[in-house]
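So the structure is just underneath, and the comments pick up after that.
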Amino acid sequence: MLQGDNSSARARISGDAFLTPNLLVGGALDLVTGPDLTNRDGVQLTELYLATSVPGAPGLRFRLGQLDLTSYFDRNSFSKDISRDFFNAVFQTNPALIAGANATASRPGGLVQWAVTDDITLNAAVFSSAANITDFALDGFAGEVAFRTGDLILRGTFVTSRDTEFQNTGGRLDAYGVNAEWFIPQANLGFFGRYGQMNNSGSGFSGDSFSLGLNLFDVFMEDDRLGLGYGRNLSTAAVNGRTPDALELFYDFELMPNLRLGFTFQQRDQFQESFAGFRIRSDFNLLPSRSLE
């Protein structure tokens, strides 16, 4: 990935396997570099967990181990994945929520996922505020409720943790977020919007963030997407005193099977800075598929 003068890259191997019909082991290992993908270059164990379902209650699932919290909270079909959707970080996980999780996603902890009905889901997690295993303590909590009605999905999320990285004050970080997505099938058009607020009891800092925009699908060819969005980051991301905002237009398409190409153009920091960039993504299965008998 290239955005302006910043280049970033990630190689990820991930997979899962059933140990029993109700017990699964999964994980993801990354080799990553560059400011758009990490704040720590090198090899990272992003996930390594055990997952289980309860016999007779298929809607109730548990995970325990190293978890990427952004994979389970504040999800959005149109504004989430930097390798598929918008390039700018303000359009990925809500900046207030990721700051509440100490500006990083991967943490040791436990997760409960409950599909109450087809239209209501609840997620809750306890996790360690510190990435270092020697400072392990289950002193962080994340909770989310999601509600679907027709083609509209609404999510409300709360995250609290001890400030070990964001401003390194040791105080409590409390973050709140709302997230909405609405798809119009007849037009192949999706809208999204987010708002978040974060408070740090250790420094007295309080800030908010928001983003909104749209995605169009199958615009010029099958399985392509065109996105336009505007977002504003927390004030701690400001450069030279300018508002940390971004207006982004991106286009992503399949160049050939298992290979996608994307382009972006952005106006940032009160429309004072222009950025262009591109990314290449390839995915492939290391193991041959097998039919279950």
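Each residue of the sequence shown is one higher than the last, beginning at 1 in the working numbering.
Virtual Cβ for every residue (Gly too), placed ideally from N, Cα, C.
It should be emphasised that the depicted structure is a prediction, and the values quoted were computed from it without experimental measurement.
Verify whether the separation of the beta carbon atoms of residue i and residue j is less than 8 Å.
{"i": "Gly-15", "j": "Glu-47", "result": "no"}
{"i": "Asn-233", "j": "Ser-209", "result": "yes"}
{"i": "Ala-11", "j": "Leu-31", "result": "yes"}
{"i": "Ser-129", "j": "Arg-162", "result": "yes"}
{"i": "Gly-100", "j": "Leu-154", "result": "no"}
{"i": "Leu-50", "j": "Leu-29", "result": "no"}
{"i": "Arg-321", "j": "Gly-177", "result": "Because the chain here runs from 1 to 293, residue 321 falls outside it and cannot be looked at."}
{"i": "Phe-78", "j": "Phe-192", "result": "yes"}
{"i": "Ala-142", "j": "Thr-104", "result": "no"}
{"i": "Gly-277", "j": "Gln-3", "result": "yes"}
{"i": "Leu-347", "j": "Gly-109", "result": "Outside the displayed range of the chain (1 to 293) lies residue 347, so it cannot be described from this structure."}
{"i": "Arg-279", "j": "Phe-127", "result": "no"}
{"i": "Asp-252", "j": "Arg-260", "result": "yes"}
{"i": "Ser-8", "j": "Thr-33", "result": "yes"}
{"i": "Ala-115", "j": "Gly-59", "result": "yes"}
{"i": "Val-90", "j": "Ser-274", "result": "no"}
{"i": "Asn-200", "j": "Thr-169", "result": "yes"}
{"i": "Leu-189", "j": "Leu-226", "result": "no"}
{"i": "Asn-94", "j": "Gly-196", "result": "yes"}
{"i": "Val-54", "j": "Leu-97", "result": "no"}
{"i": "Glu-165", "j": "Thr-157", "result": "no"}
{"i": "Asp-223", "j": "Pro-244", "result": "no"}
{"i": "Ala-146", "j": "Leu-69", "result": "no"}
{"i": "Gln-66", "j": "Ser-106", "result": "yes"}
{"i": "Asn-123", "j": "Phe-62", "result": "no"}
Under the three-state reduction of DSSP, which class applies to residue i: helix, strand or coil?
{"i": "Pro-108", "result": "strand"}
{"i": "Gln-186", "result": "helix"}
{"i": "Thr-38", "result": "coil"}
{"i": "Ser-161", "result": "strand"}
{"i": "Asn-6", "result": "strand"}
{"i": "Pro-21", "result": "coil"}
{"i": "Leu-60", "result": "strand"}
{"i": "Ser-291", "result": "Interpretation of Ser-291 is limited by its pLDDT of 49, a score under 50 that renders its predicted location unreliable; no figure is taken from the coordinates."}
{"i": "Asp-81", "result": "coil"}
{"i": "Arg-75", "result": "coil"}
{"i": "Thr-33", "result": "strand"}
{"i": "Asn-285", "result": "coil"}
{"i": "Gly-150", "result": "coil"}
{"i": "Gly-202", "result": "coil"}
{"i": "Gly-171", "result": "coil"}
{"i": "Met-1", "result": "coil"}
Bridge partners of residue i, per DSSP?
{"i": "Gln-197", "result": "Tyr-176 and Asp-208"}
{"i": "Ser-14", "result": "Ala-28"}
{"i": "Asp-68", "result": "Ser-106"}
{"i": "Phe-192", "result": "Glu-181 and Gly-213"}
Would you mind reading off the limits of the beta strand (DSSP E) that contains residue i?
{"i": "Gln-44", "result": "42-54"}
Is there at least one Cβ from chain B nearer than 8 Å to residue i's Cβ?
{"i": "Gly-59", "result": "Of the protein chains in the structure, only one exists, and it is not chain B."}
- [ ] Ignoring anything shorter than 3 residues or poking outside the segment 83-146, list the beta strand (DSSP E) runs there in chain order.
- [x] 106-115 and 120-127
Task: beta strand (DSSP E) runs contained entirely in the segment 209-283, provided each spans 3 or more residues - done: 225-232, 245-256, 259-268 and 273-282
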